[in-house]
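K.L.:
What follows is a structure written as structure tokens; I'll ask about it next.
Residue numbers (this note's numbering): 1133 to 1681.
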């Protein structure tokens, strides 16, 4: 509770805590004056009453004073902590010249999720009075502070926790932003344990076609060299994570799988040509504007084949997958580029009228929407500066997102294709998940668990075909994607491939095998020369075991 909101509560408490003294004072007054007024014929009765009144007056006064002092000290301590937090955030903004409101992303398989009940989990913050883990969180999780401040806090004796939902975006945000390795390790192990338990006790998922699994297994083998290169990049990023803002507790330690998400963020931030591109892009992506532009795209692309709106359960699921932003009075809710991609991918899959049984075609529509959201010209075209949108500053010169910022944030989303493919490939079958969760270079994503089996495999194949189709279009960075000829090509592609999957799956799988070499090209000899060698053979065992599997 902020300082402005605590002050009235503190004043009200100080006022009401002395209320029990009022009847005692009144009783003492009556006993002192009653013999001369109401009981003049029996004046000896007032003396014991006065003693009793004085005793209770002293007892109540002492009790109320102790209670008041105790709770006042507690509230003043909380106010002091809040004031320290505000000063810390202001100091950081002054030092880095960047706001503390930048929020998190969903970098792996954005927008792909299934319905799963909440899986609560408590993350240890420390022992009172010094919350050592939270002190580090406040420094490291500033980009996701709006999300962090909205999590429920739980106190057990002298220990304090935050409660998160492992089936939402919460675990990914901590894996991505926390530089405390034992927090990441605990989350990683818990995600695997919970999903192993669900596999053992739950209903068996629907299996994909054997030919589809064989095709994806071949694609998985071809990324071994690129996966090894990406792991080396992550290892180099971890060894360099010894500067403020990205300081690891033990940067020289061996790179582990639970480090991948955090190190991927560091490499993506360094890969952009524009510094702090994510924060700069966020200012041009108000949620209301994105939703209206998304509806306009659906009207042009699907027309009468689209549903009127998403179901309530779909909206609720989407809100669990996108980190919350500030929604107080005067705030404009904004999205991050990764959140825009997740929104488009989620919306495109569920807004069409394709039958639920034909999930492959629904996945094609979802990936088409994803490709729209990750094209710089389209992302810049659907953006509006938040102050211009809200009317706060109608004279702002730059209305839409600068092109160089849009290019930078779109480039961030195409990093690490091998790791992202492997993370989704693990969920193509229960046997693959059991074998590779603990031994492979894969990040366990609980939001993919309800899709395990045929849906994950079909979505993976649909993504490869869509990416290859988009490459064949040969679009420039400034090309208009809303022209009728392009929209017609997109719709024809989805209808053709979606219907072919129902009638001739072998032809579709052959296209997947051919197009995968274009989407994830083989490395050249010079690409294998990386400045940072593997640490004690890290990554080599992983690649060898995965290829053998």
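Don't be surprised by glycine CBs; every beta carbon is placed ideally from N, CA and C.
1) In chain order, what residues of the same chain have a beta carbon less than 6 angstroms from the beta carbon of residue 1222, not counting five sequence neighbours either side?
2) Is it buried or exposed for residue 1653, if we count other Cβ within 10 angstroms and need 16 for buried?
3) Determine the DSSP secondary structure at residue 1582, reduced to helix, strand or coil.
4) Could you tell me the distance, in whole angstroms, from the CA atom of residue 1225 to the CA atom of residue 1401?
5) Can you round the beta-carbon distance between residue 1380 and residue 1373 to whole angstroms, since I take them to be within the 8 angstroms contact cut?
6) By the 10 Å Cβ neighbour count, where 16 or more other Cβ atoms means buried, how is residue 1156 classified, buried or exposed?
7) For residue 1359, which residues of its own chain have a beta-carbon under 7 angstroms away from its beta-carbon, when the five flanking residues on both sides are left out?
8) Identify which residue in 1547, 1307, 1545 has its Cα closest to the Cα of residue 1576.
9) Roughly how many whole angstroms lie between the Cα atoms of residue 1078 and residue 1442?
10) Using only the heavy atoms of the ligand NAD, determine whether one of them is closer than 7 angstroms to the beta carbon of residue 1466.
11) Confirm, please, whether the CB-CB distance from residue 1562 to residue 1337 is below 8 angstroms.
12) Quick check: the Cα distance between residue 1636 and residue 1602, rounded to an integer number of angstroms?
13) Does the Cβ of residue 1463 have 16 or more other Cβ atoms within 10 Å, making it buried, or fewer, making it exposed?
14) Decide if residue 1346 is buried, meaning its Cβ has at least 16 other Cβ atoms within 10 Å, or exposed.
15) Less than 6 angstroms between C-beta atoms, sequence neighbours within five positions excluded: which residues of the same chain meet that for residue 1258?
16) Taking only three categories from DSSP, how would you classify residue 1439?
17) Going by other Cβ atoms of all chains shown within 10 Å of its Cβ, with 16 needed for buried, is residue 1315 buried or exposed?
18) Compute the beta-carbon to beta-carbon distance between residue 1476 and residue 1243, rounded to the nearest angstrom, for a pair I have assumed lies under 8 angstroms.
19) Consult DSSP for residue 1284 and reduce its assignment to one of helix, strand or coil.
20) Candidates 1344, 1309, 1278, 1369: which alpha carbon is nearest residue 1460's?
21) Between residue 1606 and residue 1599, what straight-line distance do the alpha-carbon atoms span, to the nearest angstrom?
22) Is residue 1647 helix, strand or coil when you go by DSSP?
23) Does the contact criterion of 3 or more C-beta pairs under 8 angstroms hold for the stretch 1311-1326 versus the stretch 1277-1292?
24) How is the beta strand (DSSP E) around residue 1255 delimited, first residue to last?
25) Since residue 1357 and residue 1655 are thought to touch, with beta carbons under 8 angstroms apart, how far apart are those beta carbons, to the nearest angstrom?
26) Do you know offhand how far residue 1397's Cα is from residue 1312's?
27) Is it the case that the Cβ atoms of residue 1557 and residue 1352 are separated by a distance below 8 angstroms?
28) Does DSSP put residue 1450 in a helix, in a strand, or in coil?
29) Quick one: Cα of residue 1343 to Cα of residue 1641, how far?
30) Where do the ends of the alpha helix (DSSP H) carrying residue 1478 lie?
31) Grab me the residues of residue 1514's own chain with a C-beta within less than 6 angstroms of its C-beta, minus the 5 sequence neighbours each way, in chain order.
32) Can you name the start and end residues of the alpha helix (DSSP H) that residue 1320 belongs to?
33) In this structure, how does DSSP classify residue 1531 when only helix, strand and coil are distinguished?
34) Measure from the alpha carbon of residue 1300 to the alpha carbon of each residue in 1329, 1272, 1249, 1274, then state which is nearest.
35) Taking only the alpha-carbon atoms, compute the straight-line gap between residue 1453 and residue 1423 and give it to the nearest angstrom.
36) Since residue 1458 and residue 1590 should fall inside the 8 angstroms C-beta cutoff, what is the C-beta to C-beta distance between them, to a whole number of angstroms?
P.N.:
From the atom records:
1) The pLDDT assigned to residue 1222 is 36, lower than 50, so where the model puts this residue is not dependable; a value taken from the coordinates is nonetheless given after this. Shown here for residue 1222: not one same chain residue has a beta carbon closer than 6 angstroms to its own, the five before and five after excluded.
2) Per the 10 Å Cβ criterion, exposed.
3) Reduced to three states, the DSSP call for residue 1582 is helix.
4) Unreliable positioning characterises residue 1225 in this predicted model, as indicated by a pLDDT of 36, which lies under 50. The coordinate reading is nonetheless provided below. Using only the alpha carbons, I get a separation of about 18 angstroms.
5) With 8 angstroms as the limit, residue 1380 and residue 1373 qualify as a contact, their Cβ atoms being about 4 angstroms apart.
6) Residue confidence is low: residue 1156 scores 49 on pLDDT, short of 50, so the model does not pin down where it sits. Its coordinate-derived value is still stated next. Of the other Cβ atoms in all chains shown, 16 or more fall within 10 Å of the Cβ of residue 1156; this residue is therefore buried.
7) Excluding sequence positions up to five before and after residue 1359, its CB lies within less than 7 angstroms of the CB of 1550, 1551, 1554, 1573, 1675, all in the same chain and listed in chain order.
8) Minimum Cα distance to residue 1576 is reached at 1307.
9) The structure shown does not extend to residue 1078, since the chain spans only 1133 to 1681, so no value can be given for it.
10) The model depicted lacks the ligand NAD and carries no ligand whatsoever.
11) Their beta carbons are under 8 angstroms apart, which means residue 1337 touches residue 1562 by this criterion.
12) Cα to Cα, the separation comes out at about 22 angstroms.
13) Around the CB of residue 1463, fewer than 16 other CB atoms lie within 10 Å, so the residue is classed as exposed.
14) Classification of residue 1346: exposed, given that the 10 Å Cβ count is below 16.
15) If we look at residue 1258 and ignore the five residues flanking it on each side, its Cβ neighbours are 1264, 1265, 1266.
16) Per DSSP, reduced to three states, the secondary structure at residue 1439 is coil, with no helix or strand assignment.
17) Note on residue 1315: 16 or more other CB atoms within 10 angstroms of its CB, so buried under the neighbour-count rule.
18) Yes, they are in contact, since the Cβ atoms of residue 1476 and residue 1243 sit about 7 angstroms apart, within 8 angstroms.
19) In this structure, DSSP gives residue 1284 an extended state, which the three-state scheme calls strand.
20) For the residues 1344, 1309, 1278, 1369, the minimum Cα distance to residue 1460 belongs to 1278.
21) About 12 angstroms.
22) Helix at residue 1647.
23) No, because fewer than three Cβ pairs between the stretch 1311-1326 and the stretch 1277-1292 fall closer than 8 angstroms, the two stretches do not touch.
24) Where residue 1255 is concerned, the enclosing beta strand (DSSP E) stretches over 1252-1259.
25) The pair is a contact, with the Cβ atoms about 5 angstroms apart (cut-off 8 angstroms).
26) Rounded to whole angstroms, residue 1397 to residue 1312 spans 15 angstroms at the Cα level.
27) For residue 1557 and residue 1352, yes; Cβs fall inside 8 angstroms.
28) Here residue 1450 sits in helix by DSSP.
29) The straight-line gap separating the alpha-carbon atoms of residue 1343 and residue 1641 is approximately 8 angstroms.
30) Start and end: 1469-1483.
31) Result list for residue 1514: 1425, in chain order.
32) Its alpha helix (DSSP H) spans residues 1313-1333.
33) Correct three-state label for residue 1531: coil.
34) When only C-alpha atoms are compared, the closest one is 1249.
35) For residue 1453 and residue 1423, the distance between alpha carbons rounds to 16 angstroms.
36) Not really, about 38 angstroms apart at Cβ, beyond 8 angstroms.
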